[in-house]
Amino acid sequence: MEEIYDMDNFVLKINKLTKKYKHVGVLNNISMAVKKGQIYGLIGLNGAGKSTLIKIITGLIQKNSGSMELFEEHEYGKIEKSRRRIGAIIESPALYENRTVYENMHMDRIQKGIPGKQCIEKWLCIVGLMDVQDKKVKTLSLGSKQRLGIAMALLGEPEFLILDEPINGLDPIGIIEIRELLKKLNVEYGMTILISSHILEELYHVANYYGIIHKGRLIEEITIDNLNERCKKFIHIKVDNASKAAVVIEKKLKTSNFDILPNNIIKLYDYTDDSGKVTEVIVKEGIIVEQIMPMRENLETYFAKVIGGV
Amino acid sequence: MLNLIKVEFYKLKNSKSFYFIIFVNLLQVPLIYIFSDTLKIMNGRKSLVFIFNIQSSLALIILIGILASDYIVTEFTSGCIKNTISYGHKRISIFTAKSIVYYVGIVIIYSIPPLLMTGINTVINGYGEAITVDSLLFVVGFFLLVLLIYVAIGSICVLIAFTSKSLSVTMGLIVSLDFINRICMIIAIRKSGFMSIYSKTIFAQPSIVASKSLTSSEALQAVIISIITIFIATTIGGYIFKKTDIR
Numbered sequence: 020m021e022e023i024y025d026m027d028n029f030v031l032k033i034n035k036l037t038k039k040y041k042h043v044g045v046l047n048n049i050s051m052a053v054k055k056g057q058i059y060g061l062i063g064l065n066g067a068g069k070s071t072l073i074k075i076i077t078g079l080i081q082k083n084s085g086s087m088e089l090f091e092e093h094e095y096g097k098i099e100k101s102r103r104r105i106g107a108i109i110e111s112p113a114l115y116e117n118r119t120v121y122e123n124m125h126m127d128r129i130q131k132g133i134p135g136k137q138c139i140e141k142w143l144c145i146v147g148l149m150d151v152q153d154k155k156v157k158t159l160s161l162g163s164k165q166r167l168g169i170a171m172a173l174l175g176e177p178e179f180l181i182l183d184e185p186i187n188g189l190d191p192i193g194i195i196e197i198r199e200l201l202k203k204l205n206v207e208y209g210m211t212i213l214i215s216s217h218i219l220e221e222l223y224h225v226a227n228y229y230g231i232i233h234k235g236r237l238i239e240e241i242t243i244d245n246l247n248e249r250c251k252k253f254i255h256i257k258v259d260n261a262s263k264a265a266v267v268i269e270k271k272l273k274t275s276n277f278d279i280l281p282n283n284i285i286k287l288y289d290y291t292d293d294s295g296k297v298t299e300v301i302v303k304e305g306i307i308v309e310q311i312m313p314m315r316e317n318l319e320t321y322f323a324k325v326i327g328g329v
Numbered sequence: 028m029l030n031l032i033k034v035e036f037y038k039l040k041n042s043k044s045f046y047f048i049i050f051v052n053l054l055q056v057p058l059i060y061i062f063s064d065t066l067k068i069m070n071g072r073k074s075l076v077f078i079f080n081i082q083s084s085l086a087l088i089i090l091i092g093i094l095a096s097d098y099i100v101t102e103f104t105s106g107c108i109k110n111t112i113s114y115g116h117k118r119i120s121i122f123t124a125k126s127i128v129y130y131v132g133i134v135i136i137y138s139i140p141p142l143l144m145t146g147i148n149t150v151i152n153g154y155g156e157a158i159t160v161d162s163l164l165f166v167v168g169f170f171l172l173v174l175l176i177y178v179a180i181g182s183i184c185v186l187i188a189f190t191s192k193s194l195s196v197t198m199g200l201i202v203s204l205d206f207i208n209r210i211c212m213i214i215a216i217r218k219s220g221f222m223s224i225y226s227k228t229i230f231a232q233p234s235i236v237a238s239k240s241l242t243s244s245e246a247l248q249a250v251i252i253s254i255i256t257i258f259i260a261t262t263i264g265g266y267i268f269k270k271t272d273i274r
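See below:
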């Protein structure tokens, strides 16, 4: 992805942004940047400040201090205009429940000043809602409402798509479809995407850059490569004598890329696809292998570690 | 701004509550006609003033309050206002577009019964005077004056709706306002000192304008009070909406 897009261009830059509600800090000195072409995953627990941050970006709430640059514009009036290049779903999709799917799209199209009605059918088709276009929104499932929200956000082919918890309420197939759609929008339409979730696993499959937000602070930003590095594969080995096994691994397998944990457990980060060889080497030295299995560092465990939950 | 006005007209045109309010307001025409012997023998010109006078004593403030709740507050409760703001429309444009179309709705609601009654009585009893440029100017001027007053009252409903963002609070405040107005009206009839104060409020203007002996200074006073009310309500409402966090 990085080779395709001009990574010097920033779609969004936020500097030391702070938001307080009645003296309670919701966002505290947040600084972040979203580059053109990026799929930026914003991860945080419920109440971490993700939605507040997104609401400031989309102009729904006002910051107390700090600055924001959107499409290289930083003056209030110009930022407001720049928002026309954004498509957004904030929290749950905002829809007129007593109107049909088509009417909702139609009203959004008029409001955005998009000429021609073809775009409605195009996006309804892409999100898979063509068959229900004449149904009232209140009769739709939560998943279909999410899709409609996404279709409305996509009207006008925005350059920057902001989705706040878009996978909420979707079934597993729906989640996969939305993931594929977001990737397609990123690659084929060149859309930059900011997507938030409280589940890292969800974002892992779609984002290529991550920001972890906790208690109103952005505590870590990490690329997909770094995340993979930190959540890498390993072999979990439980033996009767861990220190002896460690010496054997160092000498015979010529690697020191392992950790010794309590209860005689070793996490070996090499030979992850060849646990048979590891077993053979250790057993040959008379060490009893009680348990050996290839594993992967859990993304959620990593997330919990970063925010201090583990 | 133009796109906002277009979409607001689309919403009003497709609003069930708008047509319901028109229907309820229209119901009064046959009811008044049946129960009022004087109306049956009135000419078109007199019946126009008569219906406006009757309308001012009915609970029409509550009807436009219902429209304000459905048409404005629902935007907040459904969250759809978020779509409009996040798309980059200026908040003042959103407020203005919403207000303009809401006022058009009020004008339609208030105009239909008088126009209908005047039309019926003109056919049955004649217009009451020769239709000249002067008489037409009177009708148009009178019509615009009354509608301006109701738009001013509507601007207070817009202010309440945009400030409270809650269906129950909006309706509660508008019903309370109507109730307080009626109490004030009764007190004003009994105490002339209070009448001089009450007659300067926007709520007193419909009955003053629809009275038989409307003077030009009373008409001017109604215009000034209406414009001041619209200006204050719009300025405060627009400012509050601009500064409000939409959570």
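For the protein sequence lines, the chains are A and B, in the order given.
Under our numbering, the first residue of the first sequence is numbered 20, with each subsequent residue one higher.
Under our numbering, the first residue of the second sequence is numbered 28, with each subsequent residue one higher.
Virtual Cβ for every residue (Gly too), placed ideally from N, Cα, C.
**OP:** Name, going along the chain, the residues of the stretch 72-87 of chain A whose beta-carbon falls closer than 8 Å to a beta-carbon of chain B.
**Re:** Lys74, Thr77, Gly78, Leu79, Ile80, Gln81
Original post:
Is Glu35(B) near Ala124(B), with beta carbons less than 7 Å apart?
Top reply: yes
Original post:
Does the stretch 38-50 of chain B come within contact of the stretch 118-137 of chain B, defined as at least 3 CB pairs closer than 8 Å?
Top reply: yes
Subject >> Proximal residues, the stretch 101-118 of chain B versus chain A, C-beta separation under 7 Å >> reply: Here the close residues are Ser105, Gly106, Cys107, Lys109, Asn110, Thr111, Ile112, Ser113, Tyr114, Gly115, Lys117.
Subject >> Separation of Glu102(B) from Pro134(A), as counted between CA atoms >> reply: 24 Å
**OP:** Report buried or exposed for Glu309(A), applying the criterion of at least 16 other Cβ atoms within 10 angstroms of its Cβ.
**Re:** exposed
**OP:** State the Cα-Cα distance for the pair Ile207(B) and Ile59(B), rounded to the nearest angstrom.
**Re:** 25 Å
Original post:
Residues of chain B with a CB under 8 Å from the CB of Arg166(A): which are they?
Top reply: By Cβ distance, chain B contributes nothing, its closest Cβ being about 16 Å from Arg166(A), past 8 Å.
**OP:** Count the C-beta pairs between the stretch 80-97 of chain A and the stretch 73-85 of chain B that are closer than 8 Å, then say yes if the count reaches three, no if not.
**Re:** no
**OP:** Determine the DSSP secondary structure at Asp278(A), reduced to helix, strand or coil.
**Re:** strand
Original post:
Are Val45(A) and Gly68(A) touching if we call contact CB-CB under 7 Å?
Top reply: yes
**OP:** Could you give the DSSP three-state label for Gly146(B): helix, strand or coil?
**Re:** Correct three-state label for Gly146(B): helix.
Original post:
Using a C-beta cutoff of 7 Å, does Asp97(B) count as contacting chain A?
Top reply: no
Subject >> Test: Asp25(A) CB closer than 7 Å to a CB of chain B >> reply: Confidence in Asp25(A) is poor, its pLDDT being 47 and thus under 50, which makes the residue's placement too unreliable to answer from.
Subject >> Element boundaries [beta strand (DSSP E), containing Lys164(A)] >> reply: Taken as a continuous stretch (DSSP letters only), Lys164(A) belongs to no beta strand (DSSP E), being part of the alpha helix (DSSP H) at 161-173.
Subject >> Contact list for Lys33(B) against chain A, beta-carbon separation under 7 Å >> reply: Ile129
Original post:
Hey, does Ile93(B) have any beta-carbon neighbour from chain A nearer than 7 Å?
Top reply: no
Original post:
How do the stretch 52-69 of chain A and the stretch 118-128 of chain A stand: do at least 3 beta-carbon pairs fall below 8 Å, yes or no?
Top reply: no
Original post:
Can you name, in chain order, every residue of its own chain whose Cβ lies under 6 Å from the Cβ of Lys32(A), other than the five neighbours on each side?
Top reply: Once the five neighbours on either side are set aside, the close Cβ partners of Lys32(A) are Ala52, Glu88.
Subject >> Met212(B), DSSP secondary structure in three states >> reply: helix
**OP:** Kindly identify the DSSP beta-bridge partner or partners of Asp183(A).
**Re:** Answer by DSSP bridge pairing, in chain order: Ser215(A).
Original post:
Sorted by chain position, which residues of the same chain lie with C-beta nearer than 7 Å to Tyr290(A)'s C-beta, five sequence neighbours on each side aside?
Top reply: In chain order, Ile254, Leu272, Lys296, Val297 place their CB closer than 7 Å to the CB of Tyr290(A), counting only its own chain and leaving out the 5 sequence neighbours on each side.
**OP:** Within the same chain, show all residues whose beta-carbon is closer than 8 Å to that of Ile216(B), passing over the 5 residues directly before and after it, in chain order.
**Re:** Met222
**OP:** Please confirm if Ile267(B) has its CB atom under 7 Å from at least one CB of chain D.
**Re:** You won't find chain D in this structure, because its protein chains are A and B.
Subject >> Residue closest to Tyr177(B), alpha-carbon to alpha-carbon, out of Met212(B), Ala157(B), Tyr130(B) >> reply: Tyr130(B)
Original post:
If you draw a straight line from the C-alpha of Ile307(A) to the C-alpha of Val266(A), how long is it?
Top reply: 14 Å
Subject >> Chain-ordered residues of the stretch 149-175 of chain A with a beta carbon less than 8 Å from chain B >> reply: Met171
Subject >> 7 Å Cβ cutoff, Ile121(B) in contact with chain A >> reply: no
Subject >> 4 or more residues per run - each alpha helix (DSSP H) lying fully within the stretch 90-151 of chain A >> reply: 95-101, 120-131, 137-145
**OP:** Could you check which residue in Tyr266(B), Gly264(B), Gly71(B) has the C-alpha nearest to that of Val166(B)?
**Re:** Gly71(B)
**OP:** Can you pull the chain B residues whose beta carbon is under 8 Å from the beta carbon of Met126(A), in chain order?
**Re:** Chain B residues near Met126(A): Val34, Tyr37, Lys38.
**OP:** Just tell me which of Ser262(A), Cys144(A), Ile169(A) has its CA closest to the CA of Ile194(A).
**Re:** Scanning Ser262(A), Cys144(A), Ile169(A) for the CA closest to the CA of Ile194(A) turns up Ile169(A).
Original post:
Shorter than 7 Å from the beta carbon of Ala226(A) to some beta carbon of chain B?
Top reply: By this cut-off, Ala226(A) is not an interface position.
**OP:** Could you say which of Ser120(B), Tyr225(B), Leu90(B), Ile89(B) lies nearest to Ile32(B) if we only look at CA atoms?
**Re:** Ser120(B)
Original post:
How would you write the range of the beta strand (DSSP E) that Phe29(A) sits in, first residue to last?
Top reply: 29-40
**OP:** Indicate whether at least one CB of chain A lies closer than 7 Å to the CB of Ile273(B).
**Re:** yes
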